[in-house]
Amino acid sequence: MIQAEHLTKDYGLFRAVDDVSFRVEPGEIVGLLGPNGSGKTTIMRILTGFFAPTGGACSIAGVDIARDPRQARRMIGYLPERVALYPDMSVQGFLAFIAKVRGVEGRVQGAVEEAMEVCGLTSMAKRQIGKLSKGYRQRVGIAQAIIHQPQVLILDEPTVGLDPRQIVDIRSLIRTLSGLATVLLSTHILPEVSVTCSRVIIIDKGKVIAEDSVEALTEKTAGRGETLVRVSGSEADILAAVRSTAGVEQVDVLERSRGGVIALAVRSARGGAVRSHLVRSLVDGGWSVHEVSPRLMSLEDLFVDILERAGRGENGP
Amino acid sequence: MIAAIRPFAALLVKEVRGFFASPLVYFVGAVFLALSGYYFYTNLNAFITFGFGESIVEHLWQRLYSDIVRVVITVIPLVTMGVFAEEKHLGTVELLYTTPLRDFEIFAAKFLACMAVFVVIVGATALYPVLIYRIQPFDVSSLASVYLGLLLLIGAMVSIGIFLSSLTETQLIAAMFTYGAVLLLWNLSWNEAAVPGDLLAIVTQLCAFDHFEPFGRGVIDLKDVGYFVAIITLMGWLTMRSMESRQWRGRR
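Taken in order, these protein sequences are the chains called A and R. The first sequence begins at 1 in the numbering used here and counts up one residue at a time. The second sequence begins at 1001 in the numbering used here and counts up one residue at a time.
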């Protein structure tokens, strides 16, 4: 449905996107994951025809965006990174405007009402956009992206800047859209992809460094069998006790806090299975245990991990 | 056919509404009409007092509308400055440029919306000749010619303002450059003595005043019409190049 072939984009001497190729199949929700400044927004702007690539080509449902930009744009719903809306317009008026501009056939009012319904905006129909909260503005942004029932939805950081409650709402909204369109969304937040996406494309410094299913990624981010332990007591004694626990391979001290609590990263072959042994030996030793949990991998750790593997010549995951 | 122009019509309506929903246009209109009214009063007074042995048709319109153009020049930048700069500042250009609208349609809708503003506020000045007509009927053809000239002149100046607005995301910068550009265009040949003879011919050809002045006498010359249409066309072309520049500059 979305096909990018060897996309490259230079900003002067800076190469923001470097030979990026990927495909998104119909009905998929794919996450473009990468740190800020990795080229996600540029890739999306190329896909929507806002920027022309320096090299390479991309097509939406078989329509080349450079050759027939208007036809390609008709099939795309786009939520830009900076959700830019006209502050003086009402929600209803703005959506009706977008519907007409995007060439919604038939009754515009019907399309507007449907989009407002899906995005939970019906009660805000007559409100001025400039007076809406950020969460509602984000919903208006999504409503304008889906109003013409596009085959492809491109959402650039759809949950950035929202409060946790709004994030949950927007994520579930995106999941409900999955039946209606193929979705490509970008994010720099690792858990976001596992909640919303079926597949992930990982970008760093303008390059695709990995493509993975969410299951595989979740497995990885659940830690390479690492356990986080927070415990207070004598460091040397605790380390000795942990090292002698069955199944433990390696222990690293992550941090020593002022209150005498030390944080340890415990690596073990059997992953989580070691945790019950760990807890027992710590409790038996008489130390007070503050936390024992699977150590989640941060995006940075994941990147380091992927790049290390690539450096060792292993194929990406 | 109707379906094909619907997106364009929607943008045009949105742009026009945007102007008339914001207070700016009303302040601009108020100041414009106050000044125009003052010029009408003083011109008419001078005309009646001194007479000059001239006819209303030939000379009052010329003086009055040259004065009105001065006010037009003052307010044009205020209307055009935001046309693209505001959209760039808000980030809404990204929305606009990723719709199926053609760049030409975007320029045309914005141009026509600005023209709608001026048709309303400059159109209101038609009240002055109507007042005279009720006392002393006159041949209206030269008046119609003045308004055609005004329409073309304003069109040219608006297109310059729109182009300059497309180059920046700061409205005030667009306004200042527009003011400079339209004032120079209007005044280009005013100091004839300072321009060497062979250059003068070119300068008068480029000067908006020299092309507007015949309309005030009731003379509609294709050459003058062509001058204003050429400026509008050139500015439209430049604006579209400026809109395209996002593609290779990688900036809004």
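Built from N, CA and C at the ideal position, the CB exists for glycine as well.
With a threshold of 6 angstroms on Cβ separation, who are the neighbours of residue i within its own chain once the five nearest residues in sequence on each side are excluded?
i	result
residue 260(A)	232
residue 315(A)	Unreliable positioning characterises residue 315(A) in this predicted model, as indicated by a pLDDT of 48, which lies under 50. The coordinate reading is nonetheless provided below. If we look at residue 315(A) and ignore the five residues flanking it on each side, it has no Cβ neighbours.
residue 230(A)	261, 263, 290 and 291
residue 1079(R)	1114 and 1117
residue 1211(R)	1224 and 1227
Residue i touches chain A at which residues, Cβ-Cβ below 7 angstroms?
i	result
residue 1100(R)	70, 73, 74, 102 and 103
residue 1010(R)	97, 100 and 101
residue 1258(R)	Outside the displayed span of chain R (1001 to 1252) sits residue 1258(R), for which this structure offers no information.
Counting only Cβ pairs nearer than 8 angstroms, list the residues of chain R close to residue i.
i	result
residue 82(A)	1091 and 1094
residue 52(A)	1247 and 1248
Just to confirm my understanding: we take residue i, look at its own chain, exclude 5 residues before and 5 after, and list those with CB closer than 7 angstroms. What are they?
i	result
residue 161(A)	134
residue 1214(R)	1221 and 1224
residue 100(A)	108
residue 167(A)	159
residue 1245(R)	none
residue 49(A)	65, 69, 72 and 73
Quick check on residue i: does DSSP put it in helix, strand or coil?
i	result
residue 1207(R)	coil
residue 1112(R)	helix
residue 87(A)	coil
residue 140(A)	helix
residue 1062(R)	helix
residue 1226(R)	helix
residue 316(A)	Unreliable positioning characterises residue 316(A) in this predicted model, as indicated by a pLDDT of 42, which lies under 50. A coordinate reading is not provided.
residue 1171(R)	helix
residue 1247(R)	helix
residue 1104(R)	helix
residue 132(A)	coil
residue 6(A)	strand
residue 1215(R)	helix
residue 250(A)	strand
residue 290(A)	strand
residue 1032(R)	helix
residue 319(A)	Because chain A in this structure spans residues 1 to 317, residue 319(A) falls outside the shown range and cannot be described.
residue 13(A)	coil
So which residues on chain A does residue i lean against when the C-beta distance must stay under 8 angstroms?
i	result
residue 1171(R)	Those within 8 angstroms of residue 1171(R) in chain A number zero; the least Cβ separation is about 15 angstroms.
residue 1241(R)	Correct list: empty, because the minimum Cβ distance to chain A is about 14 angstroms.
Which bits of chain A does residue i rub up against, with CB to CB less than 9 angstroms?
i	result
residue 1022(R)	88
residue 1007(R)	100, 101, 102 and 103
residue 1018(R)	86, 88 and 89
To the nearest angstrom, how far is it from the Cα of residue i to the Cα of residue j?
i	j	result
residue 317(A)	residue 216(A)	Here residue 317(A) scores only 42 on pLDDT, less than 50, and its place in the model is too uncertain to base an answer on.
residue 122(A)	residue 116(A)	5 angstroms
residue 1099(R)	residue 106(A)	18 angstroms
residue 1(A)	residue 53(A)	19 angstroms
residue 180(A)	residue 27(A)	8 angstroms
residue 253(A)	residue 145(A)	48 angstroms
residue 186(A)	residue 308(A)	24 angstroms
residue 1217(R)	residue 1075(R)	25 angstroms
residue 43(A)	residue 132(A)	29 angstroms
residue 1070(R)	residue 1181(R)	13 angstroms
residue 235(A)	residue 196(A)	41 angstroms
residue 18(A)	residue 206(A)	5 angstroms
residue 1241(R)	residue 11(A)	19 angstroms
residue 77(A)	residue 1142(R)	53 angstroms
residue 174(A)	residue 1089(R)	28 angstroms
Given 7 angstroms as the limit, tell me if residue i has its C-beta closer than that to any heavy atom belonging to the ligand FAD.
i	result
residue 136(A)	With respect to the ligand FAD, the structure offers nothing, as it holds no ligand at all.
At a CB-CB cut-off below 7 angstroms, which residues of chain R make contact with residue i?
i	result
residue 78(A)	1098
residue 22(A)	Chain R residues near residue 22(A): none, gap ~20 angstroms exceeds 7 angstroms.
residue 49(A)	1098
Kindly list the residues whose CB is nearer than 8 angstroms to the CB of residue i, restricted to its own chain and excluding five residues on each side of it in sequence; keep chain order.
i	result
residue 1133(R)	1140
residue 90(A)	125, 126, 127, 128 and 129
residue 25(A)	1 and 182
From the beta carbon of residue i, is the nearest beta carbon of chain C less than 8 angstroms away?
i	result
residue 1205(R)	Judged by its chain identifiers, the structure shown contains no chain C, and its protein chains are A and R.
Checklist entry - So, do the segment 67-85 of chain A and the segment 1112-1125 of chain R have three or more beta carbon pairs nearer to each other than 8 angstroms? => result With the cut-off at 8 angstroms, the segment 67-85 of chain A and the segment 1112-1125 of chain R do not touch.
Item to check | Validate contact between the segment 236-252 of chain A and the segment 280-287 of chain A using beta carbons, cut 8 angstroms, 3 pairs | outcome: yes
Checklist entry - Counting pairs of beta carbons, one from the segment 1062-1076 of chain R and one from the segment 1037-1046 of chain R, are three or more of them closer than 8 angstroms? => result yes
Next on the checklist: Three or more C-beta pairs under 8 angstroms: does that hold for the segment 1150-1162 of chain R against the segment 1180-1190 of chain R?
Outcome noted: yes
Checklist entry - Do three or more CB pairs link the segment 1005-1025 of chain R to the segment 1101-1109 of chain R at distances below 8 angstroms? => result The segment 1005-1025 of chain R, when compared against the segment 1101-1109 of chain R, does touch it at the 8 angstroms Cβ threshold.
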